[in-house]
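Student: Numbering (my numbering), first residue to last: 6 to 79. Input: one structure, supplied below.
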């Protein structure tokens with residue numbers, strides 16, 4: 006006669022992955038570099054100029070047109 010092996014009851018196991026909390030930023034975000042700030046200002050000025058030259062269709066259209074003009078001339 007064969008002896009029966011004792012079956013161990015399964016014990017709950019911990020998950021192999023642990024959830025991590027998102028890290029908090031302790032310092033404020035760095036200001037944009039002077040080059041990108043200058044570029045942003047140039048595009049903003051051109052967008053306003055475009056706005057003044059035509060009937061208002063929308064600020065996004067003005068911005069995109071100014072980007073094409075400024076970035077295309079570089």
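Glycine included, each C-beta is placed from N, C-alpha and C at the ideal position. The structure displayed is predicted, hence computed values, not measured ones.
Whose C-alpha, out of 45, 46, 70 and 43, is nearest the C-alpha of residue 56?
Tutor: With distances taken between Cα atoms, residue 56 lies closest to 70.
Student: Am I right that residue 75 and residue 51 are in contact with their C-beta atoms under 8 Å? What's the rounded C-beta distance?
Tutor: That belief holds up - the Cβ atoms of residue 75 and residue 51 are roughly 6 Å apart, short of 8 Å.
Student: Do you know offhand how far residue 53's Cα is from residue 67's?
Tutor: Approximately 7 Å, taken between the alpha carbons.
Student: Alpha carbon to alpha carbon, what distance is there between residue 49 and residue 64?
Tutor: For residue 64 and residue 49, the distance between alpha carbons rounds to 10 Å.
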